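Asks: Okay, so the sequence shown: first residue is 1 according to the UniProt record's numbering, each after it adds one. Could you have a look at this structure, given as structure tokens, before my questions?
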Amino acid sequence: MASTLTQSTTANTTMFLAPAMTLRGHEDQIRSISYFPKGKRMLSGSDDLTARQWDMQVGKEIPKLRDVCKRQIRAVAVSRDGRWVVTGGSHSGRGELKACDVQTGIVKTFEGHSKETYCIDISTDSALLVSGAIDRSAHIWSLETGKLVAGPFTSLQGLGAVRFSHDSKKLAVKSDVGKCLEVWGVHTRKLDVRTGTFGYDPMSYASVFWTKKNLTIVAAFSFTDDPARTIYEFDASTLKTVGTPFEGHTMVLAGLVLSSDDTLLVTGCYETIKLWAFESRHLLASFNVLPLGSLTLSPDSRQLAYASGSDIYIYNTPAEILASIGSASDAQASVRRLIQIV
1 MASTLTQSTT
11 ANTTMFLAPA
21 MTLRGHEDQI
31 RSISYFPKGK
41 RMLSGSDDLT
51 ARQWDMQVGK
61 EIPKLRDVCK
71 RQIRAVAVSR
81 DGRWVVTGGS
91 HSGRGELKAC
101 DVQTGIVKTF
111 EGHSKETYCI
121 DISTDSALLV
131 SGAIDRSAHI
141 WSLETGKLVA
151 GPFTSLQGLG
161 AVRFSHDSKK
171 LAVKSDVGKC
181 LEVWGVHTRK
191 LDVRTGTFGY
201 DPMSYASVFW
211 TKKNLTIVAA
221 FSFTDDPART
231 IYEFDASTLK
241 TVGTPFEGHT
251 MVLAGLVLSS
261 DDTLLVTGCY
271 ETIKLWAFES
281 RHLLASFNVL
291 PLGSLTLSPD
301 SRQLAYASGS
311 DIYIYNTPAE
321 ILASIGSASD
331 AQASVRRLIQ
341 IV
């Protein structure tokens, strides 16, 4: 079933987008969702103490792959090669972090955080796992050996988002209120640069992203006492802002995802999802949704998904949106080819 718009897509009007599929089964709030690399499965983690895998072709849970945890799950991730499924949360007041080898079913447990784990990321080569917690630290682990390889990297306050650069040489770390952003050297284990400072509520666990050439970082951020509801692009070497910010949300950002080709940016706050052409900063569409807890894009950008309460809503990205960013991407590629010829 295709998702449909109640009216033609225009950036100036907030519309309702009907879901193509709804995934139901969790019994409490879903905190995190992630697609598998081919987009045929999804992983979700919930306050109901379970991590579940979903068959995206039929819209049903795969029961035999359900994982039961000791406490609520705050973050989930799937490695790029599809081998590792990772969940983060807490157990007995300490951070709980587990990775399951999909091929063998063997589960590794990583111990080191003194408080709840709220954010995780896996390196592009699927070798390293980074975890961030409200104990103000990030740890980097080897997925193969299960051992700590770097860290702790200590920040100013609890962590809300972590992300490896594409070459795994740098680590971006954002605070849980979106008012401090840092870049660390993975091998040097030293802080390269920081912008912002300690902040207060409301919390923002929206992700951070590196652009493809590792030159800039995209994050929801606030330089004032206001909530982190504006999205900035930062120079990764200086953390000075680059270009025009993405403005329009009226509440703290709950979700942010940049497509793998850097053409489409999707942002979400409470009851609104916005789609942007990343390079031009042009707002492509704005949709009314249910109160939003987590947000993601499929690997090919053809689906966007968000969690609200105990349900996951799957939408087909409107064809006109895909066409517009596709044209922009083709035009940019043509310009790059011309520059190389000259």
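Glycine included, C-beta positions come from ideal geometry on N, C-alpha and C. As the structure is a computational prediction, the values presented were derived from the model and not from experiment.
Using alpha carbons as the reference points, say which of Arg136, Val107, Leu290 and Ala323 lies closest to Tyr118.
Replies: Closest by alpha carbon: Arg136.
Asks: Between which two residues does the beta strand (DSSP E) holding Ile312 run?
Replies: Its beta strand (DSSP E) spans residues Asp311 to Asn316.
Asks: In whole angstroms, what separates the C-alpha of Ile321 from that of Leu156?
Replies: Looking at the two C-alpha atoms, the distance is approximately 39 Å.
Asks: For a test of the three-state rule: what should DSSP assign to Gly25, helix, strand or coil?
Replies: Coil.
Asks: Measuring alpha carbon to alpha carbon, tell me which residue in Val102, Thr104, Lys108 and Phe16 is nearest Glu96.
Replies: The candidate whose alpha carbon is nearest that of Glu96 is Lys108.
Asks: Quick one: using the 10 Å Cβ neighbour count with 16 as the cut-off for buried, is Ala206 buried or exposed?
Replies: Label assigned to Ala206: buried.
Asks: Would you list the residues sitting across from Val257 in a DSSP beta bridge?
Replies: DSSP output for Val257 lists Val266 as bridge partner(s).
Asks: Could you give the first and the last residue of the continuous beta strand (DSSP E) run that contains Arg41?
Replies: First-last of the beta strand (DSSP E) with Arg41: Arg41 to Ser46.
Asks: Rounded to whole angstroms, what is the Cα-Cα separation between Leu49 and Ala99?
Replies: Approximately 16 Å between the Cα atoms of the pair.
Asks: What first and last residue would you give for the beta strand (DSSP E) that runs through His166?
Replies: Run containing His166: none; DSSP gives neither H nor E here.
Asks: DSSP puts Ile30 in a beta bridge; with which residues?
Replies: Beta-bridge pairing links Ile30 to Ser46.
Asks: Any idea if Pro19 is buried or exposed, counting beta-carbon neighbours within 10 angstroms, 16 or more meaning buried?
Replies: Buried, since its Cβ has 16 or more Cβ neighbours within 10 Å.
Asks: Ends of the beta strand (DSSP E) at Asp121?
Replies: Segment Thr117 to Ile122, the beta strand (DSSP E) holding Asp121.
Asks: Within the continuous beta strand (DSSP E) that includes Glu182, where are the two ends?
Replies: From DSSP, the beta strand (DSSP E) with Glu182 extends over Cys180 to Gly185.
Asks: DSSP three-state call for Ile273: helix, strand or coil?
Replies: Note: Ile273 maps to strand in three-state DSSP.
Asks: Just to confirm before moving on: does the CB-CB distance between Asp192 and Ser123 stay below 9 Å?
Replies: No; because the gap between Cβ atoms is not below 9 Å, this pair is not in contact.
Asks: May I have the straight-line CA-CA distance separating Val186 from Phe16, to the nearest angstrom?
Replies: So the alpha carbons of these two residues sit roughly 43 Å apart.
Asks: Whole angstroms is fine: what's the gap from Ala138's alpha carbon to Pro318's?
Replies: Taking the straight line joining both Cα atoms gives about 37 Å.
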